[in-house]
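Visitor: So the protein lines, in turn, are chains A and B.
Positions 1 to 347 (our numbering) are the ones given, in order, by the first sequence.
Positions 1001 to 1347 (our numbering) are the ones given, in order, by the second sequence.
Positions of the beta carbon are idealized from the N, C-alpha and C atoms, including for glycine.
Protein chains: 2
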Amino acid sequence: MVNFQKGKVDIVAVAKAAKVSASTVSRTFNHPDLVNPATRKKINRAVQKLGYIRNRAAQTIHGRRSGTIGLIVPTINHAIFAEVIQAFSDSIDKAGFSLLLASHGYDLDREYAMVRKLLEHRVDGVALVGLQHSEATIRLIEQQDIPALEIWNYAETSVLPCVGADNRQAGYMAAEHLLALGHRDIGLIFPDTTGNDRASHRLSAVLEALASRNITVPGHRKTEAPYSVSQAKQATSDLLARHKRPTALLCGNDVIAQGALFAAQKLGLSVPDDLSIIGIGDFKGSADVEPGLTTIRIPAETIGTLAGERFTDYITSDDPTNFRVCCELKCIVRGTTGNISTPPDAP
Amino acid sequence: MVNFQKGKVDIVAVAKAAKVSASTVSRTFNHPDLVNPATRKKINRAVQKLGYIRNRAAQTIHGRRSGTIGLIVPTINHAIFAEVIQAFSDSIDKAGFSLLLASHGYDLDREYAMVRKLLEHRVDGVALVGLQHSEATIRLIEQQDIPALEIWNYAETSVLPCVGADNRQAGYMAAEHLLALGHRDIGLIFPDTTGNDRASHRLSAVLEALASRNITVPGHRKTEAPYSVSQAKQATSDLLARHKRPTALLCGNDVIAQGALFAAQKLGLSVPDDLSIIGIGDFKGSADVEPGLTTIRIPAETIGTLAGERFTDYITSDDPTNFRVCCELKCIVRGTTGNISTPPDAP
DNA sequence: TGAATTTATGAAAACATTTGCAATACTATT
DNA sequence: AATAGTATTGCAAATGTTTTCATAAATTCA
Chain A
1 MVNFQKGKVD IVAVAKAAKV SASTVSRTFN HPDLVNPATR KKINRAVQKL
51 GYIRNRAAQT IHGRRSGTIG LIVPTINHAI FAEVIQAFSD SIDKAGFSLL
101 LASHGYDLDR EYAMVRKLLE HRVDGVALVG LQHSEATIRL IEQQDIPALE
151 IWNYAETSVL PCVGADNRQA GYMAAEHLLA LGHRDIGLIF PDTTGNDRAS
201 HRLSAVLEAL ASRNITVPGH RKTEAPYSVS QAKQATSDLL ARHKRPTALL
251 CGNDVIAQGA LFAAQKLGLS VPDDLSIIGI GDFKGSADVE PGLTTIRIPA
301 ETIGTLAGER FTDYITSDDP TNFRVCCELK CIVRGTTGNI STPPDAP
Chain B
1001 MVNFQKGKVD IVAVAKAAKV SASTVSRTFN HPDLVNPATR KKINRAVQKL
1051 GYIRNRAAQT IHGRRSGTIG LIVPTINHAI FAEVIQAFSD SIDKAGFSLL
1101 LASHGYDLDR EYAMVRKLLE HRVDGVALVG LQHSEATIRL IEQQDIPALE
1151 IWNYAETSVL PCVGADNRQA GYMAAEHLLA LGHRDIGLIF PDTTGNDRAS
1201 HRLSAVLEAL ASRNITVPGH RKTEAPYSVS QAKQATSDLL ARHKRPTALL
1251 CGNDVIAQGA LFAAQKLGLS VPDDLSIIGI GDFKGSADVE PGLTTIRIPA
1301 ETIGTLAGER FTDYITSDDP TNFRVCCELK CIVRGTTGNI STPPDAP
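(1) Suppose the cutoff is 6 angstroms on Cβ atoms and the five residues either side in sequence are ignored; what does the same chain contact list for P1320 of chain B look like?
(2) Hey, how far is the Cα of L221 of chain A from the Cα of K244 of chain A?
(3) Taking 7 angstroms as the threshold (beta carbon to beta carbon), is Q1086 of chain B in contact with chain A?
(4) Along the beta strand (DSSP E) that carries I138 of chain A, what are the first and last residues, could you check?
(5) If R122 of chain A and A1057 of chain B are in contact, beta carbons under 8 angstroms, what's the gap, nearest whole angstrom?
(6) What does DSSP give as the partner residue(s) for G279 of chain A in the beta ladder?
(7) Run the CB neighbour count on F1190 of chain B, radius 10 Å, all protein chains shown included, and call it buried at 16 or more, exposed below.
(8) Under 8 angstroms Cβ-Cβ, which residues of chain B neighbour S270 of chain A?
(9) Could you confirm whether any beta carbon from chain B is found closer than 7 angstroms to the beta carbon of G361 of chain A?
(10) Could you check the C-alpha separation between A1180 of chain B and L1261 of chain B for me, to the nearest Å?
(11) Against chain B, which members of the segment 79-113 of chain A pass a CB distance test of less than 8 angstroms?
(12) For N339 of chain A, collect the residues of the same chain with a Cβ closer than 8 angstroms to its Cβ; drop the 5 residues on either side in sequence, then sort them by chain order.
(13) Would the segment 1196-1211 of chain B and the segment 1144-1162 of chain B be scored as touching if the rule is three or more Cβ pairs under 8 angstroms?
(14) Which residue from B:I1215, B:A1079, B:V1009, B:I1076 puts its Cα closest to that of A1046 of chain B?
(15) To which residues of the same chain is R1242 of chain B closer than 8 angstroms at the C-beta, ignoring the five residues directly before and after it?
(16) Note down, in chain order, every chain A residue with its Cβ under 8 angstroms from the Cβ of K1233 of chain B.
(17) If you draw a straight line from the C-alpha of I296 of chain A to the C-alpha of I1043 of chain B, how long is it?
(18) Straight-line CA distance for Y176 of chain A to G279 of chain A?
(19) I'd like to know if V1229 of chain B contacts chain A, where contact means its C-beta is closer than 7 angstroms to some C-beta of that chain.
(20) Is the beta carbon of L293 of chain A sitting closer than 7 angstroms to the one on T247 of chain A?
(21) Excluding the 5 residues preceding and the 5 following A1209 of chain B in the sequence, name in chain order all residues of the same chain whose CB lies nearer than 8 angstroms to its CB.
(22) When we look at the beta-carbon of F323 of chain A and count the other beta-carbons within 10 Å, is it buried (16 or more) or exposed?
(23) Span of the beta strand (DSSP E) holding A248 of chain A?
(24) For the segment 1088-1165 of chain B, which segments carrying the alpha helix (DSSP H) assignment without a break, of at least 4 residues, lie completely within its bounds, in sequence order?
(25) Between L178 of chain A and chain B, is there a C-beta pair that is closer than 7 angstroms?
(26) Which ranges does the beta strand (DSSP E) cover as unbroken runs of at least 3 residues, wholly within the segment 1161-1195 of chain B, from first to last along the chain?
(27) Measure the Cβ-Cβ separation of L240 of chain A and L188 of chain A and say whether it is below 7 angstroms.
(28) Would L160 of chain A and E150 of chain A qualify as a contact pair, given that the criterion is a beta-carbon distance under 7 angstroms?
(29) T1349 of chain B bridges to which residues according to DSSP?
(30) Check whether the Cβ of A1058 of chain B lies closer than 7 angstroms to any Cβ atom in chain A.
(31) Excluding the 5 residues preceding and the 5 following V14 of chain A in the sequence, name in chain order all residues of the same chain whose CB lies nearer than 7 angstroms to its CB.
(32) Under DSSP, the alpha helix (DSSP H) around T1039 of chain B begins and ends at which residues?
(33) At which residue ranges does the segment 193-229 of chain A contain complete beta strand (DSSP E) runs of 3 or more residues, listed in the order of the chain?
(34) Whose C-beta lies closer than 7 angstroms to the C-beta of I1011 of chain B among residues of the same chain, with five residues either side of it excluded?
(35) Taking buried to mean at least 16 other C-beta atoms within 10 Å of its own C-beta, is L34 of chain A buried or exposed?
(36) When the cut-off is 7 angstroms and only beta carbons count, does H1121 of chain B lie next to chain A?
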């Protein structure tokens, strides 16, 4: 039961114990059909007895796959990516891969460094969030000829395979929802958009949608807030304190929207009667705040699962064909948005 | 600039390009002080030109460290562990390690499988959440003689090194806070405690604290809810609908507490006047809900960072000495708990 | 100036596997 | 019974690195 030769249980130890050659042991693992069932049994017993665990590093060196996939996200911390990481992890696990996870804090130079780091570990593929990456990153991926994937965003024109949703459309849908309810005076709370194409796509689509109705958003109606409930809450308080307040707030994502909601509640405003709020994302928890948050659902779990499946297929396939998957968005109307047409103080 | 010998850039290719031996190239990476600065320069130029990236699998095979640390969490999805994962990841990254992440969904048999999987990748250490693991897992760790760490929980008696907080104390503190405010009729909402020592420690400590004041909690005052805002919201609604409602709710963690808060708000109850609510954890966002959630802070970020630092030290040290770190808890009083002594309808 | 160090480099073995090739032992076919 | 094929196994080379040992060149010291 115990491992006597302490710390020296390799394939040849197993071979010796089973009285066969190392090649045969290797084959039992990798091509079991090529070895006699009786021999296989002997070997498995030896494996059990010695507590042998295969060394994937040694396989990797041999040109075999390492069995790892790298995922690089901006941040693990926020609700935003936790769901997609979990789904991706589960999905690749099913295909026998392990997840090497790294984060870069929205810094594209660090993203590059992380890709390099993962390449040192000879990951079989690397998945990035978003479509915006540094020149160096793209060059590295191309040069090293490593399977790569962009998740979260979708674009027809993506240079790499991608699985995600169209963030422009998300922005557009959010704007349209508010417009349909009659809102014309809309406040915008978005994060800094440098190095964050999700945010910038959403914002530009919102501005376009508004512009098409001849609505321009003055500077004092725009605020920047990072993806943090507390900071968004603060920023919203400031926005609402200044000037006459808008009738609706369109937020860069649900984290910000929650901050906005709490800020409004703190100021004693009634949502949605005094102020409508819409987010983007539909994160875990958005359904449950009171009132429930109206938002554009980005199907994180679907994206993660699908990305994992397609990517592992791609990696293990003999002649991989490029792919792009666009996941559907949906406007989820809950309690934080209401019609403007009958304001309590209408004439 | 381009990689001509396509797909065959190893250390000897670099050596050839720099007109030195492979040993010298290896040394430039691992013991730069042993090689002539001029030669080093030549080699670095060759590395640049060929786009060479070290192969850690090949190092690993040689008995060097793999440079990876495995972290196995119950779930990535919830706010609960996202913070600690992020901190741990950043922390080990600083020491040059990469993170192999796996999750088991609160299933200790899957935890065992994940440890095995990570061992195949020859991680230099494996960190687990909590102190409760299957026999097989402990045996495996011992047998393979792999550095291991338990995070999140603290116990003097832990079999492995640990970095975390005392969950019993957390439960005790939460109960004491409510008792100090005069509450005697307290509802309990906890998750299923099988395979989850965090939850079971908290719950038993709460019951003890109450028992020491001769308070027993009747069955209809206890509800089970998983770590999900929406399911906790539902469970709380049920609990509050049945019977006369308690004056306070003590929740197994902040996710549940948020669900409870939203449920109360939905029922039109005023928190804390009609009902006090306390959570455990102080997750991101707990400070920002309206009113702010009173809770027992478990310093997730500190735990993750400290765990990463101590563990990498431990792994890289020549004669590692066992360690245990107990992180301080703190009762954070915000807006969801209030005094019972002056109920609006007091006699 | 010669001996004794020190510095810089290369050759080769080692690490734990996989795999192509060859050898052997069976089984089926005529 | 001879032949052709198939199933099973082992040998040895290969994978990309690190490290020990040896050697050569350069420096220091007397």
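Guide: Judging by the given coordinates:
(1) Y1314, listed in sequence order.
(2) One detail in the question is off: residue 221 of chain A reads as Arg in this sequence, not Leu. Approximately 10 angstroms, taken between the alpha carbons.
(3) By this cut-off, Q1086 of chain B is an interface position.
(4) It is not in any beta strand (DSSP E) - I138 of chain A instead sits in the alpha helix (DSSP H) that spans 135-144.
(5) 5 angstroms
(6) A:T295
(7) buried
(8) By Cβ distance, chain B contributes nothing, its closest Cβ being about 13 angstroms from S270 of chain A, past 8 angstroms.
(9) The structure shown does not extend to residue 361 of chain A, since chain A is modelled only from 1 through 347, so no value can be given for it.
(10) 21 angstroms
(11) Under the 8 angstroms Cβ criterion, the segment 79-113 of chain A contributes A79, A82, E83, I85, Q86, S89, D90, D93, S98, L99, L100, L101, A102, S103.
(12) L181, G182
(13) yes
(14) B:V1009
(15) H1220
(16) D288
(17) 53 angstroms
(18) For the record, residue 176 of chain A in the displayed sequence is Glu; it is not Tyr. Approximately 13 angstroms, taken between the alpha carbons.
(19) Under the 7 angstroms criterion on CB atoms, V1229 of chain B is classed as interfacial with respect to chain A.
(20) no
(21) If we look at A1209 of chain B and ignore the five residues flanking it on each side, its Cβ neighbours are G1171, Y1172, A1175, E1176, L1179.
(22) exposed
(23) Per DSSP, A248 of chain A belongs to the beta strand (DSSP E) from 248-251.
(24) 1108-1120, 1135-1144
(25) Interface criterion not met: the Cβ of L178 of chain A is under 7 angstroms from no Cβ in chain B.
(26) 1162-1165, 1186-1190
(27) no
(28) yes
(29) Coverage of chain B is limited to positions 1001 through 1347, which leaves residue 1349 of chain B absent and any answer about it impossible.
(30) yes
(31) V25, I43, A46, V47, L50, Y52
(32) Residues 1037-1050.
(33) 222-224
(34) A1022, V1025, S1026
(35) exposed
(36) yes
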